[in-house]
Amino acid sequence: MNFEFSDEQNMLREQARAYLAEHCSTEVVRKVLESDLSFDTKLWQGTVEMGWTSAATPEEYSGLGLSEMELCVIAEELGRSLAPIPFGSSIYLAAQAVLLAGSEAQKQQWLPRLSHGETIGTLALSEGAGSPSYDLLQAQVRNGKLTAKKTPVIDGMIADMAIVVARGDSGKPGLYLADLSAAGVERKLLSSIDESRPQAEIIFTDTAVELLGEGQALIEQLLDRAAILFAFEQLGGAQRALEMAVQYASERFAFGRQIGSFQAIKHKLADMFATLEMCKANCYYAAWALTTSSDDLPLAAATARVSASQAYYQCSKENIQVHGGSGFTWELDAHLYYRRAKVLSLVIGGERRWKERVVSQLETAEAGAPTAA
Amino acid sequence: MDFNDTKEEAQFRQQAKQWLEENIVQFKQEFPFEVGDNVTDSQAAELAKAWQKRKFEGGWGCLTWPKAFGGREVSIMEATIFAQEEAKVMPLAGMYIITSGMAVPTIMTHGTEEQCKQLLPSIANGERLWCQLFSEPAAGSDLAGIKTRAVKDGDDWIINGQKVWTTLAHVSDWAILVVRTDPTVAKHKGLTYFVIDMKSPGVEVRPIKQASGESEFNEVFLTDVRIPDSQRLDAVGNGWRVAMTTLMNERVAVGGAFSDNVEEILEVARTTPLGQGRAIDDCGVRQSIADWYVKAAGLKNIGLRQLSTLSKGGVPGPEASVSKLVLGIGRQDLAAMSLDILDMAGVLAEDDAMGWGSHDFFRTIGNRLEGGTDEILRNIISERVLGLPAEIRVDKDVPFNQVPSGA
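Line by line, the protein sequences give chains B and U. First residue of the first sequence? That's 83 in this note's numbering, and the numbers climb one at a time after it. First residue of the second sequence? That's 23 in this note's numbering, and the numbers climb one at a time after it.
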């Protein structure tokens, strides 16, 4: 048994961290947050040049053919640096969907472009308030034409294509590929809690779409795989928030002492560390399950996802608390992590949805083979 | 990253399984018992010792020990593989946690060659079970504040004082012991570490009745107990350093194994009616179960990570404190959850399939206290992992006999 990343993967991590430290400071994040920009094009181009967008794409579709494990390493660093780019939408969601369910022709058409950042993709799942539900799914495809109102769609304003969850002629939910420059697509930018990752409403009216694949199982499979990659982004962000809090607690004096010498602060930070360690272990296990397509991937994914959402929320909010009044200012970076923590925890369904998946997977495992846990 | 056994590990597991399967059958014929039998503690100790003897004779008794002491010098990974397989067939292996997990590494690290030769063989062959005489009524988290005195008398030491929370003291043959040999120096500096025969005159063991109703722990009274200087481990005044070796191993031993009760809580939820259906159909119940599972999985995966570190020759770090912290609080909440699912009937403590919840509701109180309280663990994490300032110590550099004790 070996529970660590390989030397090559650790080198990739160091390289990514160094690159992002130089090209993705919080000033870069703020530039997108505080302006009408939708993403940082220079950084996006940089991730393409570094080979990150094409890392897990097979070589036959002009990718680097590395494993999902490398993508996890990159995701953690992107999360850590709050990268204001459509990496998750385009790579974990759109490219993964094509890879998972696309025909050979669709893969040839889309994967090279997605992997080289020439095309930006996203997933259009939500139709408004409440957990996405197959029972209540409104989006409808008839004779290859989609009618739907999808909101919010992350990176919806800048995406060139979207994977749309809709009900087809057969009545089954499926994944449909929509070219967003096609006729019958209207988009509107929405105000959101983290505008360094903008959200849009997209209305499809008789828009021509292609079927990628049908069935709930396929959609769940896509979300499970993406959940692990998003969990690594969350892990990276949570880790950074804890570091910020520890550093401040060591530097700030009150009552003649470093505030980090008071147990009220020390114990808070210890609890953050404990949650983070649990999250890290769950993420690592899930990365392995993802890379090996292990049977317990769905359970491992849901576990990592819940763990990561909880860890990032705890670390980002308590980081603010440790900073006291300054943590409540726009000027201090602490709120950037707090924003991102919430956006990432809701992006492919919130905690409740993923906790439900944990328990339903446990029930499935119990009904079949005994669970490993 | 690979969570499967390597080829060598799989081979070792196969050998372990084979030996266990062959021997557990014979063992149960000689010593008939079943898991959950109401065996007394002394019967359990006899069984555990007999099992240790059999393992020793079969070459599985002290896998990681040096060959010089009858060990096989296998890796920690292999030892863990054996322990995993053993736990499936032998529920009493846990009785050796203090003996093998704490006393042995301490003796090996700090004992002379002579002491190792004298003490280790009787542990290896199942003759002696050990306990740990550390905590005192006035020294729990502040362990270095112990008051039990050892006074030199010729080549012997005379021990007087009281120890508490001693697991297995009533069935143990020997013990590791920390005492104060010099009250005129600062508290950490006046301690010395000994090993002691529990049958020595003047050793009296009295059981403690816990809030859970059971008696797993004891008070141990030491009255004019005479032990030879040859039973001292390491130098006079070095007791704190030696005790640290024991405690670091304790956190590894305690944090290593746990039952997550996931199947049990699912069973409670499945068999309890709620509204038109069952508790397991209720969203709130499902969310709470998921919360626990995510923690249980995290603990399991942290354990695997630690194992992976150990297998590469790394040392167990203070990160092990995380597991113990999360486990104690988590299992207490889990027990409370199981009672809440049963609702009004959750007040019952019948000895049936649901009985674990009412038992654990009390037993887990102790999980958060034994082997380092939640608060001490948080101090360890924040100071040794996160690098925050150590607690302000008003008793530092003050002679122990001048430290305010509130008494």
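Note that CB positions come from ideal geometry on N, CA and C, so glycine has one too.
Could you name the residues of the same chain whose beta carbon sits closer than 7 Å to that of residue i, not counting the 5 residues immediately before and after it, in chain order?
| i | result |
| --- | --- |
| residue 277 (chain U) | Confidence is the limiting factor: at residue 277 (chain U) the pLDDT is only 43, short of 50, which leaves the residue's position unreliable, though a coordinate-based value still follows. Result list for residue 277 (chain U): 342, 345 and 346, in chain order. |
| residue 240 (chain U) | 188, 191, 192, 227, 228, 229 and 230 |
| residue 121 (chain B) | 114, 166, 167, 168 and 240 |
| residue 150 (chain U) | 144, 195 and 196 |
| residue 348 (chain B) | 342 |
| residue 406 (chain U) | 340 |
| residue 437 (chain B) | 388 |
| residue 98 (chain U) | 86, 332 and 333 |
| residue 290 (chain B) | 226, 227 and 264 |
| residue 266 (chain B) | 286, 287, 288 and 289 |
Assuming residue i and residue j form a contact by the criterion Cβ under 8 Å, report the distance between their Cβ atoms to the nearest whole angstrom.
| i | j | result |
| --- | --- | --- |
| residue 199 (chain B) | residue 257 (chain B) | That belief does not hold up - the Cβ atoms of residue 199 (chain B) and residue 257 (chain B) are roughly 22 Å apart, past 8 Å. |
| residue 95 (chain U) | residue 86 (chain U) | 7 Å |
| residue 127 (chain U) | residue 271 (chain U) | 5 Å |
| residue 105 (chain B) | residue 128 (chain B) | 5 Å |
| residue 442 (chain U) | residue 245 (chain U) | An answer regarding residue 442 (chain U) cannot be provided, because it is not within the stretch 23 to 429 covered by chain U. |
| residue 208 (chain U) | residue 419 (chain U) | 5 Å |
| residue 380 (chain U) | residue 160 (chain U) | No, residue 380 (chain U) and residue 160 (chain U) are not in contact; Cβ-Cβ is about 32 Å, not under 8 Å. |
| residue 276 (chain B) | residue 379 (chain B) | That pair is no contact at about 29 Å. |
Would residue i and residue j be called neighbours here (beta carbons separated by less than 8 Å)?
| i | j | result |
| --- | --- | --- |
| residue 286 (chain B) | residue 228 (chain B) | yes |
| residue 292 (chain B) | residue 269 (chain B) | no |
| residue 114 (chain U) | residue 129 (chain U) | no |
| residue 393 (chain B) | residue 316 (chain B) | yes |
| residue 381 (chain B) | residue 304 (chain B) | no |
| residue 288 (chain U) | residue 302 (chain U) | yes |
| residue 178 (chain U) | residue 248 (chain U) | yes |
| residue 56 (chain B) | residue 346 (chain B) | Missing from the structure shown is residue 56 (chain B); chain B here goes from 83 to 455 and no further. |
| residue 350 (chain B) | residue 404 (chain B) | yes |
| residue 291 (chain U) | residue 300 (chain U) | yes |
| residue 183 (chain U) | residue 201 (chain U) | yes |
| residue 179 (chain B) | residue 245 (chain B) | yes |
| residue 176 (chain B) | residue 203 (chain B) | yes |
| residue 315 (chain U) | residue 440 (chain B) | yes |
| residue 212 (chain U) | residue 259 (chain U) | yes |
| residue 91 (chain B) | residue 159 (chain B) | no |
| residue 435 (chain B) | residue 185 (chain B) | no |
| residue 372 (chain B) | residue 320 (chain B) | no |
| residue 364 (chain B) | residue 67 (chain U) | no |
| residue 281 (chain U) | residue 384 (chain U) | no |
| residue 185 (chain U) | residue 264 (chain U) | no |
For residue i, which residues in the same chain have their Cβ closer than 6 Å to its Cβ, ignoring the five residues on either side in sequence?
| i | result |
| --- | --- |
| residue 454 (chain B) | Residue confidence for residue 454 (chain B) is low, a pLDDT of 42 falling below 50, so the modelled location carries little weight and cannot support an answer. |
| residue 274 (chain B) | 281 |
| residue 164 (chain B) | 111, 418 and 422 |
| residue 143 (chain B) | 189, 193 and 194 |
| residue 310 (chain U) | 359 |
| residue 253 (chain U) | 216 and 217 |
| residue 429 (chain U) | none |
| residue 310 (chain B) | 368, 372, 383 and 386 |
Between the Cα of residue i and those of the options, spot the shortest distance and give me the residue it belongs to.
| i | options | result |
| --- | --- | --- |
| residue 194 (chain B) | B:212, B:146, B:107 and B:335 | B:146 |
| residue 285 (chain U) | U:376, U:236, U:411 and U:212 | U:376 |
| residue 112 (chain U) | U:91, U:155, U:329 and U:46 | U:46 |
| residue 157 (chain U) | U:392, U:367 and U:23 | U:392 |
| residue 362 (chain U) | U:79, U:213, U:294 and U:242 | U:294 |
| residue 77 (chain U) | U:60, U:65, U:429 and U:105 | U:105 |
| residue 136 (chain B) | B:196, B:161 and B:97 | B:196 |
| residue 404 (chain U) | B:252, B:150 and B:353 | B:353 |
| residue 317 (chain U) | U:306, U:173, U:305 and U:351 | U:351 |
| residue 386 (chain B) | B:427, B:399 and B:408 | B:427 |
| residue 52 (chain U) | U:69, U:154 and U:186 | U:69 |
| residue 216 (chain B) | B:187, B:191 and B:248 | B:248 |
| residue 108 (chain B) | B:125, B:118 and B:224 | B:125 |
Identify, in the order they occur along the chain, each residue of the same chain with its Cβ nearer than 8 Å to the Cβ of residue i, setting aside the five sequence neighbours on each side.
| i | result |
| --- | --- |
| residue 452 (chain B) | Since pLDDT at residue 452 (chain B) reaches only 45, below the 50 mark, its modelled position is unreliable, and the value read off the structure follows with that caveat. None. |
| residue 31 (chain U) | 99, 100 and 103 |
| residue 94 (chain B) | 152, 155 and 156 |
When the cut-off is 8 Å and only beta carbons count, does residue i lie next to chain D?
| i | result |
| --- | --- |
| residue 126 (chain U) | No chain D appears in the structure shown, which is made up of the protein chains B and U. |
- If contact means a Cβ-Cβ distance below 9 Å, which residues of the segment 384-409 of chain U contact chain B? 396, 397, 399, 400, 401, 402, 403, 404, 405, 407, 408 and 409
- Any residues in the segment 316-339 of chain B with a beta carbon nearer than 7 Å to a beta carbon of chain U? Which ones, in chain order? 328, 331 and 332
- Task: Could you list the residues in the segment 320-338 of chain U with a C-beta less than 9 Å from some C-beta on chain B, going in chain order?
- Result: 320, 321, 322, 323, 324, 325, 326, 327, 328, 329, 330, 331, 333 and 334
- In chain order, what residues of the segment 84-109 of chain B put their CB closer than 7 Å to some CB of chain U? 84, 85, 86 and 87
- Task: Could you list the residues in the segment 304-320 of chain U with a C-beta less than 8 Å from some C-beta on chain B, going in chain order?
- Result: 305, 308, 309, 311, 312, 313, 315, 316, 317, 318, 319 and 320
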